[in-house]
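Numbering (the UniProt record's numbering), first residue to last: 1 to 143. A virtual CB, placed ideally from N, CA and C, is assigned to each residue, including glycine.
Spelled out as structure tokens, the structure:
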């Protein structure tokens, strides 16, 4: 378990920032960043934009990979557009879902909420299903 009581994430970068996937309703992926460490802050202080975009990107990629009809359990980002609505402070919850999927590409959307349920940021992106082996030399298994 992490210091916040969440199981360690399978992705090393998510572990580095302290985020982990948590249960979500069918058709959605949720990731939680329960604690905003000083290293993740900008000068406001609020979460650095890179942290916000990482959370949004990750929930969309996982939503694509967890789609029951997905040809792979790994989806990589082709393009992503993000919009920042307010500074991200405190615990954050990212929610991602599939908008449309084909055999090779998947369009997704995501939103980031603060602990009070206020909208912090939104994103949309296109993801390609990765059919090759992953860096560990194993078949694709999710990202």
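Checking 8 Å against the spacing of the C-beta atoms, do residue 75 and residue 95 come in under that value? Numbered from its first residue, the chain shown carries residue 75 at position 75. Numbered from its first residue, the chain shown carries residue 95 at position 95. Their beta carbons are not under 8 Å apart, which means residue 75 does not touch residue 95 by this criterion.
Using the rule of at least 16 other Cβ atoms within 10 Å of the residue's Cβ for burial, across every protein chain shown, is residue 104 buried or exposed? Taking the first residue of the chain shown as position 1, residue 104 is located at position 104. Exposed, because fewer than 16 other Cβ atoms sit within 10 Å of the Cβ of residue 104.
Nearest-angstrom Cα distance between residue 45 and residue 119? Along the chain shown, read from residue 1 onward, the residue named residue 45 stands at position 45. Along the chain shown, read from residue 1 onward, the residue named residue 119 stands at position 119. Straight-line Cα distance between these residues: approximately 18 Å.
So the candidates are 81, 68, 10; which of them puts its Cα closest to the Cα of residue 145? Not covered by the structure: residue 145. The range shown for the chain is 1 to 143.
Using the DSSP secondary-structure output, state which residues sit across from residue 79 in a beta bridge. Translated into positions along the chain shown, residue 79 becomes position 79. In the DSSP output, where bridge partners are listed per residue, residue 79 has 126.
Where DSSP assigns a beta bridge to residue 30, which residues make up the other side? As a first step, residue 30 is located in the chain shown; it is residue number 30 there, counting from the start. DSSP output for residue 30 lists 22, 95 as bridge partner(s).
Distance between beta carbons of residue 9 and residue 19, contact taken as under 8 Å: Residue numbering aside, residue 19 sits at position 19 when the chain shown is read from its first letter. Residue numbering aside, residue 9 sits at position 9 when the chain shown is read from its first letter. Confirmed, Cβ separation roughly 6 Å.
Can you have a look at residue 132 and say buried or exposed, based on whether 16 or more other CB atoms are within 10 angstroms of its CB? Counted from its first residue, the chain shown places residue 132 at position 132. When all chains shown are included, residue 132 counts as exposed.
Using the Cα positions of residue 213 and residue 71, report the straight-line distance between them to the nearest angstrom. Nothing can be reported for residue 213, as the shown portion of the chain is limited to 1 through 143.
If you follow the beta strand (DSSP E) that residue 114 is in, where does it begin and where does it stop? In the chain shown, the residue the question calls residue 114 occupies position 114. From DSSP, the beta strand (DSSP E) with residue 114 extends over 105 to 114.
Drop a sphere of 10 angstroms on the beta-carbon of residue 15, count the other beta-carbons inside from all chains shown, and report buried for 16 or more, exposed for fewer. Counted from its first residue, the chain shown places residue 15 at position 15. With fewer than 16 other Cβ atoms within 10 Å, it is exposed.
Considering only the beta carbon of each residue, do residue 37 and residue 93 sit closer than 8 Å? For this step, residue 37 is matched to residue 37 along the chain shown. For this step, residue 93 is matched to residue 93 along the chain shown. Result no, Cβ atoms of residue 37 and residue 93 do not sit closer than 8 Å.
Paired residues, beta bridge with residue 119 - DSSP: As a working mapping, residue 119 is identified with position 119 in the chain shown. According to DSSP, which records beta bridges pairwise, residue 119 is partnered with 113.
Which stretch, first to last residue, makes up the alpha helix (DSSP H) that contains residue 50? Numbered from its first residue, the chain shown carries residue 50 at position 50. Run containing residue 50: 49 to 66, per the alpha helix (DSSP H) assignment.
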